[in-house]
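Residue numbers (the numbering used here): 1406 to 1599.
Heads up, the beta-carbon is just placed ideally off N, CA and C, and yes, glycines get one too.
First comes the structure, then the notes that go with it.
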Amino acid sequence: CACVSVHGANRLGCNSLLDLLVFGRRSGQTMKEEIGRFLEVPRNPVKEVNEKISSLLSHRGREKIDAIRRGMQSLMMEYGSVFRSEEGLKKGIDGIQDLKHRFRYIDLHDGGKRFNTELMEAIELGHQLDLAEVVLLSALHRKESRGAHYREDFPQRDDQAYLKHTLVFRTPGGAEVRYKPVKITRYQPQARVY
């Protein structure tokens, strides 16, 4: 969150394609190098994926994908947008966790495994719900404002406590927030002033 980016002082009102290309590539490379340190690789990942697909295809619930997606979008706009507070973030997390529970009871009408767009939507929605929970949980634990993350209850940046990366891990007990120090090489963090 320093004042450096590929566009200089960030890309106010401009195209983010360069950011996507540069940092997408760097993220992929770093992930490849680091993943073994954090995650146990499944013994049979193909089997796990096939079991997940079979489970989704066999669902005969009453919940609709579109209703859950709209609920997630509404919660994220209300509580996970630019202006955040502890109360709102907690409401958002509770709402997302409720949607994740409802997601277990979705109903897929198309039972096919080929060109099944409904199945793809369900898989994507499951991942989006996980990501929404991570975004809200990370924002709740970061009791400061930094960059595009603005906490109404903590309007100032706090380098002493939060000059660190926020990491979220999936554990048997749920999502767990951890931190990793930021390596500062050349540019010291500075407040953005417009």
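So Arg1507 and Ile1473 are in contact, right, with Cβ under 8 Å, and what is the actual spacing, rounded? Taking the sequence shown and counting its residues from 1, the one referred to as residue 1507 is at position 102. Taking the sequence shown and counting its residues from 1, the one referred to as residue 1473 is at position 68. Correct: roughly 6 Å between the Cβ atoms.
Residue span of the beta strand (DSSP E) that contains Ala1580, given as start and end: Along the sequence shown, one-based indexing puts residue 1580 at 175. It spans 1579–1586 - the beta strand (DSSP E) in which Ala1580 sits, taken as one unbroken run.
Quick one: residues in its chain with C-beta nearer than 7 Å to the C-beta of Glu1526, no 5 flanking neighbours on either side, listed in chain order? Within the sequence shown, the letter at position 121 stands for residue 1526. Taken in chain order, the residues that qualify are Ile1470.
Return the chain-ordered list of same chain residues with a C-beta closer than 8 Å to the C-beta of Val1539, the five sequence neighbours on each side being excluded. Translated into positions along the sequence shown, residue 1539 becomes position 134. Excluding residues within five positions, the ones whose Cβ falls inside 8 Å are Val1573, Ala1580.
Boundaries (first-last residue) of the beta strand (DSSP E) holding Arg1575: Working through the sequence shown from its first residue, we reach residue 1575 at position 170. Residues 1569–1576.
Does the beta-carbon distance from Met1481 to Leu1504 come in below 7 Å? For the purposes of this step, residue 1481 is taken as the residue at position 76 of the sequence shown. For the purposes of this step, residue 1504 is taken as the residue at position 99 of the sequence shown. In this structure, Leu1504 does not lie closer than 7 Å to Met1481 by Cβ.
Length of the line joining the Cα atoms of Leu1494 and Glu1483: Counting from one through the sequence shown, the residue named residue 1494 turns up at place 89. Counting from one through the sequence shown, the residue named residue 1483 turns up at place 78. Their Cα atoms are separated by approximately 9 Å.
Is the separation between the beta-carbon of His1546 and that of Val1582 shorter than 7 Å? As a first step, residue 1546 is located in the sequence shown; it is residue number 141 there, counting from the start. As a first step, residue 1582 is located in the sequence shown; it is residue number 177 there, counting from the start. Yes, the Cβ-Cβ distance between His1546 and Val1582 is below 7 Å.
Distance CB(Leu1541)-CB(Ile1498) smaller than 7 Å: Residue 1541 sits at position 136 when you count from the first residue of the sequence shown. Residue 1498 sits at position 93 when you count from the first residue of the sequence shown. The answer is yes: Cβ separation under 7 Å.
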